[in-house]
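**Student:**
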Amino acid sequence: MYTIESFCKSIWGISFSKVSQCVNKEEYKEFTIPKKNGTRTINCLPPDSQLADIQKKLLVGFLDKQTLPVCVKGFRKGESYKTYLLPHINSVYYFRTDLKNFFPSVSENKIKETLSELIVCDSEVDKNKLLDLVTDIVTLNGTLPQGACTSPSVSNLVMARLDQRILKYCQVFDIRYTRYADDLLFSSQSFDFQRKRWFLKKIKYILRTHQFEVNYSKNNYGTNQLALNGYVLSNTGLRLSRNRLSDIRHVCSFVNSNYPLLNSLGAEAFLIKANQMTLKYRDLRLYPFQSVFQLSQYLCGYRAFLISFIDPYNSILPFQKDLCQLIRRIEMQITRLA
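Quick note: the sequence shown uses the numbering used here, first residue -11, plus one each step.
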């Protein structure tokens, strides 16, 4: 049980009044990034800003210490997009949907309602002041800003009760459920989601009780396999899609052929040519490449993903040999970009 000062001292090492003085929303910088249909607004803080420091300490000292349902796979230590997909291997029927305007849908009221169950104070006055303070720290213009380091963790906490309700409902029908941020994934050995559309109606109802809406344009059904963000989830395993593998090989070939251009003409000329590549799968967060470092990170990310599939106890399997060869090829190009 906290007092208002003990909470502030334990999280930030300073008094309540000094923490309050650090909450300056004018430190946010706004910019847009492209997405498939239009643009996405990002609001982020300079790393050296006081509010950014306050948010980081709140994240490490409090938000990330809270317990979450097992189905939550995004923005958690030890979890990843891969662990979001793995529980669904060996299923027959698949259904994926996502939430419309996820972060903007997380309002101040939802955050306070969630935090009120986590922050226990010896007086209602202290509790209300702390709820106001913490909510003020993590919000911008009344909702979660996309770009703040605390937003993913706060969204997980707000969604926790919904996740539990969905989990319990799915268990009745032997359906597997995982969530990665605003992506909801369901699978089953026997439950055909496409034929039994009433299942989606129930999920919609559960979400609407907390003012979340399904993004119908992202609904995706599959039988025996499902393609998601360049990965293929199936009843036999998880792999990168042919398009994604083709893109990785294409980028490796480009770097191999053109890295002398980087040394002779510089990064700008190299990037102009790099962004003329025709990639089958374009992750708009990384492409077009804004820097040589971003291109290197693109390759580093896929190297890490491919390494996660290597099984040291089955190294003689043919597909593992192919993976090892591709990993070595990626590493060679990363070295050239260093």
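All residues carry an ideal CB built from backbone N, CA and C; glycine is no exception.
Remember, predicted model here, so these are calculated numbers, not experimental data.
1) Taking Cβ positions, are LEU145 and THR102 nearer each other than 7 Å?
2) Quick test of your reading: TYR361 and HIS76, contact by CB under 8 Å. State the CB separation rounded to the nearest angstrom.
3) For ARG185, does the three-state DSSP call read helix, strand or coil?
4) How far does the alpha helix (DSSP H) with ASP114 in it reach, from first residue to last?
5) If distances are taken between C-alpha atoms only, which option among GLU105, CYS137, GLU96 and PRO140 comes closest to LEU332?
6) Distance check for LEU51 and SER63, CA to CA, integer angstroms please.
7) DSSP state of VAL202, grouped into three classes?
8) Would the segment 105 to 113 count as touching the segment 153 to 167 if we require 3 or more Cβ pairs under 8 Å?
9) Thinking C-alpha only, which one of ALA40, SER(-6) and LEU74 is nearest LYS13?
10) For a quick check, are the C-beta atoms of ASP86 and ASP151 less than 7 Å apart?
11) Return the CA-CA distance between SER37 and SER141, expressed in angstroms with no decimal places.
12) Applying the 10 Å Cβ sphere with the 16-neighbour rule, what's the burial state of GLN9?
13) Starting from the C-beta of GLN210, find all residues in its chain whose C-beta is less than 7 Å away, skip the five residues before and the five after it, and write them out in chain order.
14) Whether or not the segment 309 to 322 and the segment 232 to 249 are in contact is what I'm after, with contact meaning three or more pairs of Cβ atoms, one per stretch, closer than 8 Å; do they touch?
15) How is LYS65 classed by DSSP in three states: helix, strand or coil?
16) Using C-beta distances below 8 Å, list every residue in its chain close to SER229, excluding the 5 sequence neighbours before and after it, in chain order.
**Tutor:** The relevant details are as follows:
1) yes
2) The shown model of the chain, from -11 to 326, leaves out residue 361, and the question about it has no answer.
3) coil
4) 112 to 126
5) Nothing about residue 332 can be read from this structure; the chain reaches only from -11 to 326.
6) Checking the displayed sequence, the identity of residue 63 turns out to be Phe instead of Ser. Approximately 11 Å between the Cα atoms of the pair.
7) strand
8) no
9) ALA40
10) no
11) 20 Å
12) exposed
13) Before going further, note that residue 210 is Gly rather than Gln in the sequence given. The residues are TYR82.
14) yes
15) coil
16) ALA215, GLY218, TYR219, VAL220 and TYR269
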